[in-house]
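J.: One structure, as structure tokens, below. Some questions next.
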Amino acid sequence: MEKENQFYHSVSIGNVKLDGNLFLAPVAGYSDCAFRHLCKSGGANFSYTEMVSAEALVRGSGKTHELMVRAPGEDKYAVQIFGGNPETVAKAALIVADEVKPEVIDINAGCPVPKIVKTGAGSALTRDPDRLYGVVSQTVKALKEAGKDIPVTVKIRSGWDSSSLTWKEAAVASLDGGAAAVTLHPRTRAQGYEGKADWFLLAELVKFVDGRVPVFASGDIFSAENVKACLEQTGVDGVMFARGAMGNPFIFDETKRFLLTGEKYSTPPEVRISAGMEELDILIRLKGEQAACREMRKRFCAYSKGLEKAAQMRSSIVSANTRADFIAIFADYLS
Ligand SMILES: Cc1cc2nc3c(=O)[nH]c(=O)nc-3n(C[C@H](O)[C@H](O)[C@H](O)COP(=O)(O)O)c2cc1C
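If you read the sequence shown in numbering that gives the first Met the number 0, its first letter stands for residue 0, the second for the next number, and so on.
Have a look at this one:
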């Protein structure tokens, strides 16, 4: 049994037992199977795919499958889906269950992108509890009727804007619909990713849910110290790294070490850059060198954070076209 303490501990989502409570959040354009593989190696106890369109799944769009592939060595993961139509989301969940058999299916009720909100999906669900209830309950029912024992979870925001904080109604809709866990990103749709995440609302949600299901935190989790403070201040059962994991998939092990021993550890730059190269190689196998290199430009910008001459490096990174280009840029760190 893994070492545990009051901060770092196992957590169960329905019938799925996770060894620890440090997760990789769903992050479009990042949390694909390549990055999730590295995060798993770097200590993540659980990871979420980037959001996958329920409409596209039901339409049978080929590209969506790529977004939900299980990473090598990933024994447990969640596929996140988005959609505003309960029937479509329920159908999509069955497709996900059949195709990739994830341990958990998560419903996105937080995306602030207008194109998505317009369809009643993403953060539109946080402000429309009836629709959210429909999406969750129909999804839970469809999976149950198909004999799929897959817990359904929901990731919400604090509300639409500062005058419409509907996290409590969204939590009720999720729980009544049968959700096995709730994650709160305590920013409003209007805030996007700006301003401070309001952890006070996480503490309020924990009190409100009162142990019925686990509550997870997302928002301003950038360091081991942030994790400890968030767990201490809010009483959540687990936390998700999103922007904090970009360029450092080892942040999970660093955090676990800090929570268990108080020891602060920073993974050396050469180890992070080598991880970036491994990520590139996985992407090359999946989508070819050109597409992989384009995709890795922004990710290598994150990997270069804190390196000597990072600004200079970034101007080369954004025009790199081949694996050899990246090797040349990071030659000093890869030798
Ligand atoms: C580029 C980007 C893409 C994201 N994509 C998703 C997504 O697909 N699904 C989701 O639920 N949240 C998504 N999020 C939100 C994150 O999961 C997380 O809740 C948010 O970034 C707050 O955490 P942080 O302040 O620690 O970064 C995304 C965030 C960013 C920055």
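Every residue, glycine too, gets a C-beta built ideally from N, C-alpha and C.
With DSSP as the reference, please indicate the residues paired to G158 in a beta bridge.
T.: DSSP, once it has assigned bridges, lists T187 as partnering G158.
J.: Given this structure, state the Cα-to-Cα distance separating E277 from E65, to the nearest angstrom.
T.: Straight-line Cα distance between these residues: approximately 18 Å.
J.: Starting from D105, trace the beta strand (DSSP E) both ways and give me its first and last residue.
T.: Note, D105: beta strand (DSSP E), V103 to A108.
J.: Report whether the distance from the Cβ of K195 to the nearest heavy atom of ligand 1 is below 7 Å.
T.: Answer for K195: no, Cβ out of range of ligand 1.
J.: So which of L37, T87 and G287 has the shortest CA-CA distance to C51?
T.: Reading off the sequence shown, one finds Val at residue 51, where the question assumed Cys. Comparing Cα-Cα distances from V51 to each of L37, T87 and G287, the minimum goes to T87.
J.: Thinking just about the alpha-carbon of each residue, which of V78, K227, R58 and D219 is nearest to the one in A340?
T.: Absent from the structure is residue 340, since the part of the chain shown begins at 0 and ends at 334.
J.: Which residues does DSSP list as the beta-bridge partners of S11?
T.: Looking at the DSSP assignment, S11 forms a beta bridge with K16.
J.: Can you have a look at E73 and say buried or exposed, based on whether 16 or more other CB atoms are within 10 angstroms of its CB?
T.: With 16 or more Cβ atoms within 10 Å of its Cβ, E73 is classed as buried.
J.: Specify, as a first and last residue, the run of the beta strand (DSSP E) that I80 falls within.
T.: Taken as a continuous stretch (DSSP letters only), the beta strand (DSSP E) holding I80 covers A77 to F81.
J.: Mind listing, in chain order, the continuous alpha helix (DSSP H) runs of no fewer than 4 residues lying wholly within the region 123-159?
T.: Listed in chain order, the complete alpha helix (DSSP H) runs (minimum 4 residues) inside the region 123-159 are 128-144.
J.: Would you list the one or two residues that DSSP bridges to Y47?
T.: Answer is A77.
J.: Tell whether a beta-carbon distance below 8 Å holds between M312 and I328.
T.: Yes. Within cutoff.
J.: For the region 38-58 against the region 288-299, do three or more pairs of beta-carbon atoms, one drawn from each stretch, fall closer than 8 Å, so that the two count as touching?
T.: Short answer: they don't touch.
J.: Ends of the beta strand (DSSP E) at S173?
T.: It is not in any beta strand (DSSP E) - S173 instead sits in the alpha helix (DSSP H) that spans W166 to G176.
J.: What's the call for V103, buried or exposed, on a 16-neighbour Cβ count within 10 Å?
T.: Buried, since its Cβ has 16 or more Cβ neighbours within 10 Å.
J.: Have a look at G261 and K227 and give me their C-alpha separation to the nearest angstrom.
T.: If I take the Cα positions, the gap works out to 10 Å.
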